[in-house]
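Comments concern the structure below.
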Amino acid sequence: MVEKLIYLDFETTGLNPEVDKLLTVQWQEIDANTGIELSELYVFKLWDYDNEKQFIEDVIKKSIVDDNGKRKMLFLSWWPAKLGYNLFFEQNFLEKRIEINNIEFEDVCIMGYSVPALDLKTVGVLINGGSFKGAALDDISSKQTGGQDVPLWYENKEYEKIVEYVKDETVAFVDLYKKLLEHMQDFRI
Ligand SMILES: [Mn+2]
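Note that this note's numbering has the sequence shown beginning at 103, numbered continuously upward.
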């Protein structure tokens, strides 16, 4: 039996979910104990839809994973647990955009009170010697750049650049997770 985590990340037009939009939703099934990829990387894109409401509804409907024989809706189920970097951003952003688009929904389950999630941001800060400044994913992994160009690429309809960025970021993140598993294995106080 494989224990799974779901790597999860969003790209957005900005940091404020009251006004900014969801641009991409990407996720991949990961073996919790090895970091090995168990599925392809799914990338849902706003520009494939007429509007954000349709986009979000379709993402929720189509994001289904097998959890030991049970089919689970990723965004509405606690399990498999999510894996990411600063997942509160994703939880909060999706909640707000669902509300603003008047989408009928059950509670978003990415992270939160008693919702299990493995957030590597904590580890990033530790790697960075306890400082939050300089602990972005591109500071502490092989990820090339931060996401600041994504909104600009979206404006210019340079969608391929966004997809390449998302793929690069996923590889860097999963590689970080694999290395941490290996490195932390024998850690004892
Ligand atoms: Mn990202």
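Cβ atoms here follow ideal geometry from the backbone N, Cα and C, with glycine treated the same way.
Is residue j closer than 8 Å to residue i when the C-beta atoms are compared?
i           : j           : result
residue 107 : residue 132 : yes
residue 218 : residue 180 : yes
residue 210 : residue 201 : no
residue 137 : residue 227 : no
residue 149 : residue 279 : no
residue 223 : residue 256 : no
residue 244 : residue 274 : yes
residue 195 : residue 115 : no
residue 124 : residue 159 : no
Take residue i as the anchor and find which of the options has the nearest alpha-carbon.
i           : options               : result
residue 192 : 150, 112, 174 and 168 : 112
residue 286 : 229, 149, 138 and 188 : 229
residue 212 : 224, 183, 239 and 222 : 183
residue 129 : 225, 240 and 167      : 167
residue 268 : 103, 116, 126 and 104 : 126
residue 221 : 204, 231 and 134      : 134
residue 144 : 204, 152 and 265      : 265
residue 206 : 231, 178 and 246      : 178
residue 142 : 215, 152 and 165      : 165
residue 139 : 104, 146 and 162      : 104
Grouping DSSP H, G and I as helix and E and B as strand, with all else coil, what is residue i?
i           : result
residue 131 : strand
residue 144 : strand
residue 225 : helix
residue 191 : helix
residue 273 : helix
residue 167 : strand
residue 104 : coil
residue 121 : coil
residue 210 : coil
Using the Cβ count rule (16 or more neighbours within 10 Å means buried), how would you classify residue i?
i           : result
residue 208 : exposed
residue 121 : exposed
residue 271 : buried
residue 290 : exposed
residue 199 : buried
residue 172 : exposed
residue 249 : buried
residue 176 : buried
residue 174 : buried
Notebook entry, point to check: Among all residues, which have a Cβ less than 6 Å from at least one non-hydrogen atom of ligand 1, and in what chain order do they fall?
Noted result: 111, 113, 249 and 271
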